[in-house]
Amino acid sequence: MPRGGGLMAAGARLQLLLALWTLAGPARPVAADASDGGWQRRGPGAAAAVAEEERCAVERRADLSYSEFVQHYAFSRPVILQRLTDNSRFRALCSREKLLASFGDSVVRLSTANTYSYRKVDLPFQEYVEHLLHPQDPTSLGNDTLYFFGDNNFSEWASLFQHYSPPPFSLLGTTAAYSFGVAATAGNSTGAGSGVPFHWHGPGFSEVVYGRKRWFLYPPEKTPEFHPNKTTLAWLQDVYPALAPSERPLECTVQAGEVLYFPDRWWHATLNLDTSVFISTFLS
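With mature numbering (1 follows the signal peptide of the UniProt record, and there is no 0) applied, the sequence shown covers -32 to -1, 1 to 252.
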């Protein structure tokens, strides 16, 4: 698979993407309120190091028709969709308590996102959530940034995914493959962070269920400058400030309940501003 080939396994089966990224510092969790599903368990000094962008450069559209979607966005530019589906039931089932009760014993596979590493780690979902989503010592995992994606059999998760209503838009000649994820927050100023570095693949949608996810996007003809073995947070800290305005990507923070659409072969990278639960619909 080429570097631009993206991180999605082929086929139309449901895929579970559980993003793990190294963070720094001991965990001092506090209780979270119900509005964030129990995922934001921050303690003193654990606030995210990265803020939202100053101004969102991606258009937000509510009540978008299919004809408008095809004419203005499907093949040309990203768009953030609002109020297209009601996923309140799915959101309730994705709370920390509900997911642990239903799938805590399920073994998940974490794989490195780094281009030059093929490390795999298998562990129960409960262990991932309880021990690897909070800030931790980055030396414990070396330089690998690990996450879990669709190279496993996720038939046991079908009871969850059947409650998800994907965006009501499709493209001729494509089939949908779903990818579900739980990812840690962006951490602190040490440079360890949570997100997917720049890559591209076919078109798709990405919905945030809980938390916030900051996106960076370039059109196919404009290859971004990045190191494939460094995190998105490292890119944001080291490369982004030196970019001329004309060289900067489109960027925006996708909020809970919003869906970002990206066209075919658009470069994109992500950074989680909170512990995030999200689900993507890839059109392949």
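From the three backbone atoms N, C-alpha and C, an ideal C-beta is built for every residue, glycine too.
Fair warning: this is a prediction, and the values are worked out from it, not measured in the lab.
Please classify residue i as buried or exposed, where buried requires at least 16 other C-beta atoms within 10 Å of its C-beta.
i, result
"R51", "exposed"
"L32", "buried"
"T191", "exposed"
"S248", "buried"
"L49", "buried"
"A202", "buried"
Give a yes or no on whether the C-beta atoms belonging to residue i and residue j are separated by under 8 Å.
i, j, result
"V47", "R23", "no"
"P196", "W234", "no"
"P165", "T53", "no"
"T221", "G163", "no"
"V18", "L241", "yes"
"H236", "F184", "yes"
"R182", "T238", "yes"
"S133", "N55", "yes"
"E21", "E219", "yes"
"P217", "Y186", "yes"
"A152", "L101", "yes"
Skipping 5 residues on each side, what residues in its chain have a beta carbon closer than 7 Å to that of residue i?
i, result
"G170", "D232, F250, L251, S252"
"E36", "none"
To which residues of the same chain is residue i closer than 6 Å at the C-beta, ignoring the five residues directly before and after it?
i, result
"Y7", "Here residue 7 turns out to be Trp, not Tyr, going by the sequence shown. Result list for W7: R64, Y178, T243, in chain order."
"V245", "C62, V150, V177, Y178"
"D4", "Y178"
Quick one: what's got a C-beta closer than 8 Å to residue i's C-beta in the same chain, skipping five residues either side?
i, result
"P92", "G72, D73, S74, V75, V76"
"R180", "E20, T221, V222, Q223, A224, N240, L241, D242, S244"
Uninterrupted beta strand (DSSP E) stretches inside the segment 213 to 250 (no shorter than 3 residues): Whole beta strand (DSSP E) segments, 3+ residues: 218 to 223, 227 to 230, 235 to 240.
The segment 60 to 69 / the segment 40 to 50 touching (three or more Cβ pairs under 8 Å): Three or more beta-carbon pairs separated by less than 8 Å are not found between the segment 60 to 69 and the segment 40 to 50, which leaves the two stretches without contact.
Contact between the segment 165 to 183 and the segment 222 to 233 (3+ Cβ pairs under 8 Å): Segment contact: the segment 165 to 183 against the segment 222 to 233, three or more CB-CB distances shorter than 8 Å; contact assigned.
4-residue-minimum alpha helix (DSSP H) runs that sit fully inside the segment 56 to 100, ordered along the chain: Unbroken alpha helix (DSSP H) runs of no fewer than 4 residues, entirely contained in the segment 56 to 100, are found at 56 to 61, 64 to 71, 93 to 100, following chain order.
3-residue-minimum beta strand (DSSP E) runs that sit fully inside the segment 131 to 185, ordered along the chain: 144 to 151, 172 to 178, all fully within the segment 131 to 185.
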